[in-house]
Amino acid sequence: MATFAQKVEATIPALRRYARALTRDADTADDLVQDTLVRALRSEHLFQGEEVRSWLYTILTNLNRNRLRSLARRPTLTSIEDNDAPDLAGPEAGGRDIERALATLAEDQRNALLLVVLEGLSYREIAEVQGVPIGTVMSRLARARVQIKSYLDGERPALRRVK
Amino acid sequence: MIDRMSPVSEDELHAFIDGQLPADRREAVASWLAENPEQAAMVAAWRAQAEGLRARYGAVADEPVPERLKIENVLRLTGAPKRSWIAMAVAASVAAFAIGGGIGWFARGASAAAPSGFDMLASEALDAYKLYVVEVRHPVEVPGSELAHMTQWLSKRLGYDQRIPDLQAMGLKLVGGRLLPGPTGAAAFYMYEGPSGERFTIYCAKSGVTQTALRYKEANQAAAFYWVDDKVAYVVSGPADRDKLEKVSKAIYDQVDKAAVKRS
């Protein structure tokens, strides 16, 4: 039988994927994964029999929420130009669009969408990760999908004009 | 978006593309979509989003894991806890005793280094818990939403770095904190709240002693676990449910312990 640490280890690649999509920045994502792993390994005793994987997603999701909160308190200067370079032609263009669309979502919606689409968690597991009823997960998912669609369908040019 | 009378719900459409629809509904949804081109287009767009996300991020999971995230390196980072909580908890159950609320008052002024002073600290903390836990409008001075400010302020007033534990994984939200007078100087008081309104508090202050065993105390439906570690006294108070309180205390112990390891 796999030990706790082995189960944690097996989840690292998936956690990195989830964190990368959540933060859209490779270094920030790996910091988040590292914090998640340290916390999980140090609090093994708190782990109560559910799936290790869901538990790790829960920790990562909460840590990211904390991170965003502390960012929100700190005024930051972000260069719009840097992040908003014109789309390149080719396959990368589609990737950038989805990345930007993702950035426009409310955090809970982004979490729900990525957990289902990218990580393949069941709605029930996501409800546990987010600590909400399944109905709430479904409405977050629905709102995320509507928002991404409207962003991709053309609200983007309107945003562009701001710059 | 979808008619209330529709034979297929919107939730089912999501489940359909997420592969979470029960097998006996798949055909029904597929044939309904064939007759409803507008909804079919919407579902196709959702599916394209999912594919776009997987195309954009899926490969991250195939990248080699960077050195710092390799399990052996993370394990090294977590370090061995200085003392095992279980050993402390066993000692606490041997030493467990219940005392009334008044003793602490008479002991005021005794040296905090003496065991009685330590007990007194716990009594003060329990009293503070009982006083503020019923407070609806002003339970704290600084709300938990101002974590950075509170950490800075209380670190300054208490004279050591505050690391305010995050108990969200246990469903406890930080309500906030306040400064209180303690037997030997300033004390910090943090309050957490669970989903059904149950509250837990951490009372901490610098202590004259370096380390003590874990102790448990119960008085009038409130209880506390308390200990001194690394010259800081901690009193974790909550409703008199020993198992739950022990779990909360353990999480706090582990987090402050981790902070201490980082410091050293």
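Taken in sequence, the protein lines are chains A and B.
Just so we're aligned: 89 in numbering that gives the first Met the number 0 is position 90 of the first sequence, and the numbers increase by one with no gaps anywhere.
Just so we're aligned: 20 in numbering that gives the first Met the number 0 is position 21 of the second sequence, and the numbers increase by one with no gaps anywhere.
The beta-carbon is built from N, C-alpha and C at its ideal position, and this holds for glycine as well.
Environment of residue i [buried if 16+ CB atoms lie within 10 Å]
i: Ala147 of chain B; result: exposed
i: Tyr150 of chain A; result: buried
i: Thr10 of chain A; result: buried
i: Glu123 of chain B; result: buried
i: Arg41 of chain A; result: buried
i: Ser69 of chain A; result: exposed
i: Val135 of chain B; result: exposed
i: Arg123 of chain A; result: exposed
i: Asp228 of chain B; result: buried
i: Thr200 of chain B; result: buried
i: Thr77 of chain B; result: buried
i: Gly153 of chain A; result: exposed
i: Phe224 of chain B; result: buried
i: Asn110 of chain A; result: buried
i: Glu66 of chain B; result: exposed
i: His13 of chain B; result: buried
i: Ser78 of chain A; result: In this prediction, Ser78 of chain A has a pLDDT of 44, which is less than 50 and means its spatial position is unreliable; nothing more can be read from the coordinates.
i: Ala79 of chain B; result: A caution first: Ala79 of chain B carries a pLDDT of 48, below 50, which makes its placement in the model too unreliable to give a value.
i: Leu264 of chain B; result: Only positions 0 to 263 of chain B appear in this structure, which leaves residue 264 of chain B out of reach.
Nearest candidate by alpha-carbon position, reference residue i, set the options
i: Ala288 of chain B; options: B:Gly196, B:Gln220, B:Val234; result: Here chain B has residues from 0 to 263 only, and residue 288 of chain B is not among them.
i: Gln151 of chain B; options: B:Arg53, B:Ala187, B:Ala127, B:Tyr252; result: B:Ala187
i: Glu106 of chain A; options: A:Lys6, A:Leu21, A:Phe3; result: A:Leu21
i: Ala58 of chain B; options: A:Met137, A:Ala25, A:Ile133; result: A:Ala25
i: Gly170 of chain B; options: B:Arg156, B:Gln161, B:Lys246; result: B:Lys246
i: Glu8 of chain A; options: A:Ala28, A:Leu45, A:Val51, A:His44; result: A:Val51
i: Ala222 of chain B; options: B:Val42, B:Ala40, B:Asp126; result: B:Asp126
i: Ser269 of chain B; options: B:Gln210, B:Asp253, B:Tyr215, B:Ala168; result: The first residue shown for chain B is 0 and the last is 263, placing residue 269 of chain B beyond what the model contains.
i: Val255 of chain B; options: B:Ala239, B:Leu120, B:Trp226; result: B:Trp226
i: Gln47 of chain A; options: A:Ser121, A:Ala18, A:Leu117, A:Phe3; result: A:Phe3
i: Ser144 of chain B; options: A:Leu67, A:Met137, A:Val116; result: A:Leu67
Under 7 Å by beta carbon: chain E residues contacting residue i
i: Ala141 of chain A; result: Here chain E cannot be found, since the structure's protein chains are A and B.
query = Quick one: any contact between the segment 186–198 of chain B and the segment 206–225 of chain B, if contact means 3 or more CB pairs under 8 Å?
reply = Touching, no, given that fewer than three Cβ pairs across the two stretches are closer than 8 Å.
task = Answer yes if the segment 55–62 of chain A comes into contact with the segment 117–134 of chain A, meaning at least three C-beta pairs across the two stretches below 8 Å, and no otherwise.
result = Flag = yes, the segment 117–134 of chain A and the segment 55–62 of chain A touch.
request  = Pull out every residue of the segment 26–38 of chain A whose Cβ sits closer than 9 Å to any Cβ of chain B, in chain order.
outcome  = Contact residues of the segment 26–38 of chain A toward chain B are Ala28, Asp29, Val32, Gln33, Leu36, Val37, Arg38 (C-beta to C-beta distance below 9 Å).
inquiry  = Along the segment 231–255 of chain B, where does the CB come closer than 9 Å to a CB of chain A? Name the residues.
reply    = Against chain A - using a Cβ distance shorter than 9 Å - the residues of the segment 231–255 of chain B are Lys246, Lys249, Ala250, Asp253, Gln254.
Cβ contact (3+ pairs, closer than 8 Å) linking the segment 96–105 of chain A and the segment 46–58 of chain B = Counting C-beta pairs closer than 8 Å gives three or more between the segment 96–105 of chain A and the segment 46–58 of chain B, which meets the contact rule.
ask   = In the segment 20–34 of chain B, which residues sit with their C-beta less than 7 Å from some C-beta in chain A, listed in chain order?
value = Hits within the stretch: zero.
key: Segments assigned beta strand (DSSP E), at least 3 residues, entirely inside the segment 190–249 of chain B   = Complete beta strand (DSSP E) runs here, min 3: 198–205, 214–218, 221–228, 231–238.
task = Taking only runs that begin and end inside the segment 25–65 of chain B, name each unbroken alpha helix (DSSP H) of 4 or more residues, in chain order.
result = If one requires a minimum length of 4 residues, the alpha helix (DSSP H) runs lying completely within the segment 25–65 of chain B are 36–56, in chain order.
query = Considering only residues of the segment 20–81 of chain A, which uninterrupted alpha helix (DSSP H) runs meet the minimum length of 4 residues and lie entirely inside it, listed in chain order?
reply = Here the runs fully enclosed are 25–41, 51–72.
query = Which residues, taken in chain order from the segment 55–66 of chain A, show a beta carbon closer than 9 Å to some beta carbon of chain B?
reply = The residues in question are Thr57, Ile58, Asn61, Leu62, Arg64, Asn65.
ask   = Got a sec: which bits of the segment 100–120 of chain A sit with their beta carbon under 9 Å from any beta carbon on chain B, in order along the chain?
value = Residues Ala100, Leu101, Leu112, Leu113, Val115, Val116, Leu117, Gly119.
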